[in-house]
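So the protein lines, in turn, are chains U and E. Residues are numbered in my numbering as their position in the first sequence, beginning at 1, plus a constant of 1201. Residues are numbered in my numbering as their position in the second sequence, beginning at 1, plus a constant of 1201.
Protein chains: 2
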Amino acid sequence: MRDELLTIGPFARLCRLSVKQLRHYDEMGLLAPVRVDAGSGYRYYAPEQTRDALTIALLREMDLPLAVIAQALAAEPESRAQILRAERDRLAERISGDQARLEMLERLAEGGLPGYEVTMGREPERRLAVVRAVCTPAEIGAKVEECVGRLLPVLGRAGIAWEPPLWALYPLDLEERMEIAVGVQTPHGAGTPGLRFEALPGGPVAETMHIGPYSQLLLAYNALFAAIHERGLRPRAPVREAYLVGPAEAPREELMTRLIIPVQESMA
Amino acid sequence: MRDELLTIGPFARLCRLSVKQLRHYDEMGLLAPVRVDAGSGYRYYAPEQTRDALTIALLREMDLPLAVIAQALAAEPESRAQILRAERDRLAERISGDQARLEMLERLAEGGLPGYEVTMGREPERRLAVVRAVCTPAEIGAKVEECVGRLLPVLGRAGIAWEPPLWALYPLDLEERMEIAVGVQTPHGAGTPGLRFEALPGGPVAETMHIGPYSQLLLAYNALFAAIHERGLRPRAPVREAYLVGPAEAPREELMTRLIIPVQESMA
DNA sequence: GTTGGACTCTCCCACCGTGGGAGAGTCCAC
DNA sequence: GTGGACTCTCCCACGGTGGGAGAGTCCAAC
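Next up, the structure:
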């Protein structure tokens, strides 16, 4: 095999990369030309390097960061596969996030920004039997389900009577470490192991109804917070969700969720 | 409603935006505070501005560019809905692109980078009856289908005998304006209106078989080009695909496609 | 009144990957 | 030996956000 070297332009054409890209990859040590002329600085690539260059182009096409590509190229097949799997998971997560975004955007594009009727009212005091969990914002959906799965057996075993709906309580801000609670309203069950109790004070609240998948809840909260602030009020934790029609009873398009945020005169 | 103004920090907390973001939005004219103290430069926001700020936060959450958000906020409801629909389409396209990427990444993560056996061989001369089209790289899939839909009736009406597979011809480089052709091998049909003919010269080729959805074809081409360049050969247009098992005959996981790239000694 | 601490201001730089363009130098075929 | 195509390095731009410096401001507590 003759090893006539290629200057950067022809080499770029072979691997479907731009000259700028190749220079950048050289500079960052991802793909160095086999020879660099000391005098002129000209980069010379060997035809064998197209293999790596094509691989880089392929992985870039899948949106892997250059740093990760560098890792993957340098790694043994085993850890390389591991890196690729990690990236696959990252991409899968991005897609599912984008799909939620898409659904919200659909709704916005069709219904416009309004579409939520916010009511200012009063809530009675409630006593909830709850289980708690700590999670990040991204995990909320899974964690709530998990909590429901923990809660119902406890209630059943203890023979505690309760009526729907299920409730969930959230902090006001979506932080990295947020404490949530899932429960039901009941006067019974004090002292049951695994159960905790939450006394929700009565008082003024803002509320609205969300019909549709949970991925679109953000829209409802947006309307809710806007209405609260416009009235010069301040939201107070915990935010309450009541699952009037849940995933067990209806397809995701028909879920009904009541959103309630306690409010307070801002002067207070 | 008392209009006690808020400094940037408390206002940021209300709308779940960072102080940096608010300053940036002010600077670019997206959301200006109602009052800026001439002496100190302090920004003062009115509680009513939380509505716009929340909307901005919401649209950013859906990944709309700030410039588009500015447009949307300024526009009438009608054109706003239009803008949102356009963004929805953009996002939908990104998702489908990402899904293709994900599938390729799956395959890479599982099978590793190898997985394609590239054969160097010789192809006989072939005479194809084709229809042509011009498209961008993103449209290829749809255009090829459209071409098939145009080709088959013409063949049928003219009573031209042919045998599977269907073939497609592509240029070497994926450019913005690429000419493609779809056809079948047949000795008949000269002069049929709507049909053109393509004489594929025989000679040395590199080829491989791709089994799976078309969204993963890039992987096969990567292996193919790498093999060609490693042997010091040069690919020649047109690239040929033969659809041995097409979408009409099998689910997408089981599609079989033969990829053939004519090659030439690089010295020539 | 003064002090201290929390807040705010403006500026610059960083990330990521790519492209554009300036200005200078190099290669090679005619 | 000359022209034209190529290459070099260097700086700046995009998008949106964050970090940090260094200076100034607000307000409550003493």
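Where is the CB? At the ideal position from N, CA and C, for every residue including glycine.
Practice prompt. Work out the CA separation of U:R1328 and U:P1388 for me, nearest whole Å.
Written response: 7 Å
Discussion item. Taking 7 Å as the limit between beta carbons, can you name the residues of its chain near E:A1469, skipping five residues before and five after?
Written reply: At E:A1469, the pLDDT of 39 sits below 50, so the modelled position is not reliable; the number obtained from the coordinates is stated separately. Excluding sequence neighbours, E:A1469 sits near nothing in its chain.
Fill in: Closest residue to U:H1430 among E:L1255, E:G1230, E:G1210 and E:M1457 (Cα-Cα distance)
E:L1255
Discussion item. Give me the residue from E:V1406, E:V1335, E:A1407 and E:L1356 with the minimum Cα distance to E:E1376.
Written reply: E:V1335
Worksheet item: How about the segment 1419-1437 of chain U and the segment 1232-1252 of chain E: do they share at least three Cβ pairs that are nearer than 8 Å?
Response: yes
Worksheet item: Would E:I1412 pass as a contact of E:E1450 if the rule is Cβ separation under 8 Å?
Response: no
Worksheet entry | Residue range of the beta strand (DSSP E) that includes E:P1463 | M1457 to E1466
Item to complete: From the DSSP output, in three-state form, read off U:Y1415 for me.
Response: helix
Fill in: Within 8 Å of chain U by C-beta, residues of the segment 1284-1309 of chain E in sequence order
L1285, R1286, E1288, R1289, L1292, A1293, R1295, I1296, D1299, Q1300, R1302, L1303, M1305, L1306, E1307 and L1309
Worksheet item: Under the rule that 16 or more other beta-carbon atoms within 10 Å means buried, what is E:M1305, buried or exposed?
Response: buried
Discussion item. With a threshold of 8 Å between beta-carbons, can E:T1251 be considered close to chain U, or not?
Written reply: yes
Practice prompt. Report yes if the C-beta distance between U:V1464 and U:R1435 is below 8 Å; otherwise report no.
Written response: yes
Fill in: Below-8 Å beta-carbon distance, E:M1410 vs any chain U residue
no
Worksheet item: chain U partners of E:E1376, CB-CB under 9 Å?
Response: By Cβ distance, chain U contributes nothing, its closest Cβ being about 11 Å from E:E1376, past 9 Å.
Fill in: Where E:T1337 falls: helix, strand or coil (DSSP)
coil
Discussion item. Cβ closer than 7 Å: which chain U residues qualify as neighbours of E:G1350?
Written reply: None at all; the shortest Cβ gap to chain U is about 29 Å.
Worksheet item: Using the beta-carbon count (16 or more within 10 Å), is E:G1384 buried or exposed?
Response: buried
Worksheet entry | Nonlocal neighbours in the same chain, by C-beta distance under 7 Å from E:A1276, ignoring five residues either side | I1284
Practice prompt. Would you please verify whether the beta carbon of E:L1418 is less than 8 Å from any beta carbon of chain U?
Written response: no
Item to complete: State yes or no: is the beta carbon of U:M1263 nearer than 8 Å to at least one beta carbon in chain E?
Response: yes
Worksheet item: Under 7 Å Cβ-Cβ, which residues of chain E neighbour U:G1230?
Response: By Cβ distance, chain E contributes nothing, its closest Cβ being about 20 Å from U:G1230, past 7 Å.
Worksheet item: How long is the line joining the alpha carbons of E:T1208 and E:I1257, rounded to whole angstroms?
Response: 18 Å
Worksheet item: Expressed to the nearest angstrom, what Euclidean distance is found between the alpha-carbon atoms of E:R1437 and E:G1322?
Response: 14 Å
Item to complete: Go through its chain and collect everything with a Cβ distance to U:A1237's Cβ below 6 Å, but skip five positions before and after it.
Response: For the sequence presented, residue 1237 of chain U should be read as Val rather than Ala. Counting only Cβ-Cβ distances below 6 Å, and skipping sequence neighbours, we find R1244.
Discussion item. Quick check on the burial criterion: 16 or more other C-beta atoms within 10 angstroms. Buried or exposed for E:T1409?
Written reply: buried
Practice prompt. Could you have a look at U:T1409 and say whether DSSP puts it in helix, strand or coil?
Written response: strand
Discussion item. For the ligand COA, I want to know if U:I1429 counts as a neighbour, meaning its beta carbon is within less than 7 Å of at least one of the ligand's heavy atoms.
Written reply: Among the components of this structure there are no ligands whatsoever, and the ligand COA is therefore not found.
Discussion item. Just to confirm before moving on: does the CB-CB distance between U:V1332 and U:G1395 stay below 8 Å?
Written reply: yes
Worksheet item: Where E:D1227 and U:R1378 are concerned, what is the direct C-alpha to C-alpha distance, given to the nearest angstrom?
Response: 30 Å
Discussion item. If contacts are defined as beta-carbon pairs under 8 Å, then E:Y1422 and E:L1370 qualify, I think. What distance do you get, rounded to the angstrom?
Written reply: Not confirmed; about 14 Å, so no contact.
Item to complete: Would you kindly report the start and end of the unbroken alpha helix (DSSP H) that includes U:A1282?
Response: P1278 to G1312
Discussion item. Does U:K1221 pass the burial test, meaning 16 or more other C-beta atoms within 10 Å, or should it be called exposed?
Written reply: exposed
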